[in-house]
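Read the structure below first, then the notes.
Residue numbers (this note's numbering): 7 to 737.
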């Protein structure tokens with residue numbers, strides 16, 4: 007009888023390590039039974055938290071440790087590698103991912119062959135292609151990440167103690183964060199210096215005799231053949247004088263210019279442009295955008311989300327063309343793909359823009375991911391659609407010695423705007439007109455305007471400014487924005503960044519004593535050198551030495567030279583307890599008044615707490631601290647309740663002024679508040695769980711464009727939408 011032989015054999019097993027379980031789960035679907043995918047849960051080694059961890063005297067050698075939370079993971083990975091025949095490191099395709107791969111090897115020290123695989127998207131074809139073409143770990147990328155990490159550690163661990171000793175405990179400084187705060191502080195200074203100016207414009211409503219219902223508008227632009235500057239007409243009296251002069255004038259067309267114009271779509275998303283548009287269109291924070299994008303990437307739905315390239319793979323371009331033909335028709339597609347040039351400094355052209363991995367999939371993801379995915383899909387498809395085409399007619403109209411201008415726009419072909427940014431509305435339809443033709447005046451209107459200060463930064467515009475200046479890289483924008491808020495240096499009001507007192511104070515100190523650290527060009531130059539390290543053009547240790555030697559020398563000098571007393575300002579105000587002069591000092595939360603007789607007298611008071619000489623009014627309320635009567639007082643910032651036992655008891659309480667409008671985020675009450683500098687604003691009563699806030703008073707009516715809350719500026723009487731660009735004068 008035939009008996010089969012039994013052979014023992016072992017399946018060849020490959021271990022693949024990624025950063026996260028979600029990413030690993032997606033990759034595992036595309037690999038066969040010969041592969042096992044595990045997660046490292048991010049970095050398995052880092053600099054120690056309790057000390058600087060860098061030996062500056064020994065060529066900046068870092069002291070890496072395995073954090074407690076990673077020890078179990080490292081142990082499990084070591085055990086799995088021992089059972090494997092090959093190790094593939096499939097961490098993200100950027101400097102951080104390369105560093106994670108290198109740290110894994112250094113921590114685990116595998117005795118099996120190790121290969122590095124990279125991909126822009128988590129699809130079956132991309133994963134299989136990466137497995138076919140593995141490479142070694144790129145030490146240039148590792149060194150660039152390592153140099154950034156050490157630079158940031160040196161600045162943070164060396165400069166922060168200076169602030170603790172000379173200013174206040176708990177303060178911090180950072181190589182990129184301090185520059186970001188400076189941008190916000192500098193913008194606030196511009197706003198504070200700004201002087202609002204009144205000006206007026208004149209608008210004529212005109213028609214052609216044969217087309218009485220086709221009324222169009224023209225703006226006054228010239229007088230005596232000289233262009234009228236925006237601020238030429240300074241007040242209503244001047245505007246009325248011009249209007250009276252023009253009421254009986256003949257309006258003659260002096261020139262007509264017609265042209266066909268084209269408008270082209272913007273490139274597909276990079277990290278910064280995705281964060282900007284997700285902020286403006288979806289009202290997502292940069293942090294939220296990156297979290298959702300990470301989820302979409304790890305699910306295999308979009309390409310890698312940390313990129314500054316606008317390149318798109320040829321296969322994806324062909325796929326986009328097919329989607330456009332099928333969904334919109336042949337005339338919306340291009341005969342050849344449209345290519346974009348990456349403008350960002352230090353961009354890596356080998357990377358791709360952010361796009362869906364399957365362009366035929368219009369909707370994907372869960373919950374808020376769906377909205378972000380659709381934004382990415384629309385942007386990608388629109389970038390390969392035909393341009394919009396429109397006819398533009400520009401009129402010059404003469405009335406006495408005045409000149410008016412009018413523009414009419416009519417869309418010939420909507421092109422990409424059919425899908426994305428559909429704001430190419432016809433400005434106004436002009437009737438058939440000829441040069442020399444006389445027009446009928448329907449009416450003249452004088453319109454009051456006020457110049458507006460520079461706009462504060464939103465998250466999107468701050469990211470745009472950082473990118474324009476070459477400060478930071480795609481991976482650093484969102485963390486930087488989170489850090490400067492978490493550290494209490496800036497806050498968001500109505501979605502715009504405002505520096506807190508302490509943010510302004512620390513910035514001024516750094517500018518005075520550590521100008522390089524907070525210099526825009528110096529920081530951008532450092533980013534370029536980190537890019538050069540990544541490309542193998544520079545060695546990382548000399549770059550660190552060139553930075554550290556002068557920085558360390560200056561720090562040593564400042565530690566000796568600068569005294570706490572140097573950072574105080576004298577005032578002519580007297581201490582209410584001992585009569586000595588009060589000083590302006592800087593504390594953890596900004597500037598405050600303190601007695602010059604410290605430590606004998608420890609009196610302090612808010613810098614903005616000056617009480618006017620108006621007599622305090624008695625109330626029937628009792629102080630919750632000392633049970634004495636509360637009195638109604640008034641400072642230059644408004645009325646408040648204070649203890650009649652002042653200065654022995656310093657209890658105060660703001661008088662709550664409520665808006666009729668409910669908070670759009672949590673339905674709480676919107677109440678009047680003030681910043682530490684005393685500036686009034688309106689915010690949700692549920693702060694800090696809800697951080698909704700407005701500079702101007704919210705109104706009950708909503709924006710006619712987007713239905714968001716509108717606010718009213720009490721001085722200019724200007725109504726503004728809190729979300730979009732709509733604005734109007736109060737009736």
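A virtual CB, placed ideally from N, CA and C, is assigned to each residue, including glycine.
Three-way DSSP call (helix, strand, coil) for residue i in this model
i: residue 174; result: coil
i: residue 577; result: strand
i: residue 362; result: strand
i: residue 287; result: helix
i: residue 234; result: coil
i: residue 209; result: strand
i: residue 154; result: helix
i: residue 528; result: helix
i: residue 616; result: Low local confidence applies: a pLDDT of 44 at residue 616 is under 50, so the model's placement there is unreliable, and no value is given.
i: residue 390; result: coil
i: residue 267; result: strand
i: residue 519; result: helix
i: residue 216; result: coil
i: residue 790; result: The question about residue 790 has no answer, for the chain in this structure spans 7 to 737.
i: residue 554; result: helix
i: residue 567; result: helix
i: residue 719; result: coil
i: residue 505; result: strand
i: residue 642; result: Per-residue confidence for residue 642 stands at a pLDDT of 49, beneath the threshold of 50, marking its modelled position as unreliable; no derived number is given.
i: residue 222; result: strand
Contact belief for residue i with residue j at Cβ below 8 Å, rounded distance in angstroms
i: residue 367; j: residue 387; result: With a Cβ gap of about 11 Å, residue 367 and residue 387 do not count as contacting.
i: residue 508; j: residue 495; result: 6 Å
i: residue 214; j: residue 220; result: 7 Å
i: residue 547; j: residue 66; result: 6 Å
i: residue 589; j: residue 597; result: Incorrect: roughly 10 Å between the Cβ atoms, too far for contact.
i: residue 594; j: residue 176; result: 5 Å
i: residue 186; j: residue 472; result: 7 Å
i: residue 112; j: residue 147; result: Incorrect: roughly 15 Å between the Cβ atoms, too far for contact.
i: residue 713; j: residue 724; result: Between residue 724 and residue 713 the Cβ distance is about 19 Å, and since that is not below 8 Å, they are no contact.
i: residue 82; j: residue 504; result: At roughly 47 Å, the Cβ-Cβ gap does not stay under 8 Å, so residue 82 and residue 504 are not in contact.
Cβ shell of residue i (< 6 Å), same chain only, five flanking positions each side left out
i: residue 631; result: 655, 657
i: residue 13; result: Residue placement at residue 13 cannot be trusted, given a pLDDT of 39 that sits under 50; what the coordinates show is reported in the next sentence. Excluding positions up to five away in sequence, the list is empty.
i: residue 420; result: 394
i: residue 611; result: 599
i: residue 325; result: 365
i: residue 748; result: The displayed coordinates of the chain run from 7 to 737. Any statement about residue 748 would go beyond what the structure contains.
i: residue 42; result: 21
i: residue 218; result: none
Cα-Cα separation between residue i and residue j, rounded to whole angstroms
i: residue 277; j: residue 710; result: 32 Å
i: residue 22; j: residue 397; result: 57 Å
i: residue 488; j: residue 138; result: 39 Å
i: residue 115; j: residue 485; result: 31 Å
i: residue 580; j: residue 651; result: 19 Å
i: residue 19; j: residue 108; result: 22 Å
i: residue 695; j: residue 671; result: 11 Å
i: residue 462; j: residue 493; result: 19 Å
i: residue 417; j: residue 267; result: 10 Å
i: residue 329; j: residue 521; result: 53 Å
i: residue 24; j: residue 687; result: 47 Å
i: residue 690; j: residue 719; result: 18 Å
i: residue 1; j: residue 136; result: What the structure shows of the chain is the stretch from 7 to 737, and residue 1 is not part of that stretch, so it cannot be assessed.
Nonlocal neighbours in the same chain, by C-beta distance under 8 Å from residue i, ignoring five residues either side
i: residue 409; result: 226, 227, 228, 229, 231, 260, 402, 403
i: residue 573; result: 172, 173, 515, 591, 592
i: residue 634; result: 628, 649, 650, 651, 655
i: residue 733; result: 724, 725, 726, 727
i: residue 550; result: 66, 153, 156, 157, 160
i: residue 392; result: 337, 338, 339, 340, 419, 421, 422
Close beta carbons around residue i, own chain, < 7 Å, minus the five adjacent residues each side
i: residue 307; result: 362, 363, 370, 371, 379
i: residue 274; result: 316, 318, 359, 360, 361, 385, 386, 389
i: residue 236; result: 205
i: residue 91; result: 18, 19, 20, 118
i: residue 110; result: 23, 46, 50, 95
i: residue 704; result: 665, 667, 676, 688, 715, 717
i: residue 506; result: 494, 495, 496, 497, 596, 682
Start-end ranges of the alpha helix (DSSP H) lying completely within the region 82-135, minimum 4 residues: 101-114
Every unbroken beta strand (DSSP E) inside the region 26-86 [3 residues or more]: 41-45
4 or more residues per run - each alpha helix (DSSP H) lying fully within the region 402-448: Listed in chain order, there is nothing to give.
Length-filtered (4 minimum) alpha helix (DSSP H) runs lying within the region 294-334: Complete alpha helix (DSSP H) runs here, min 4: 320-334.
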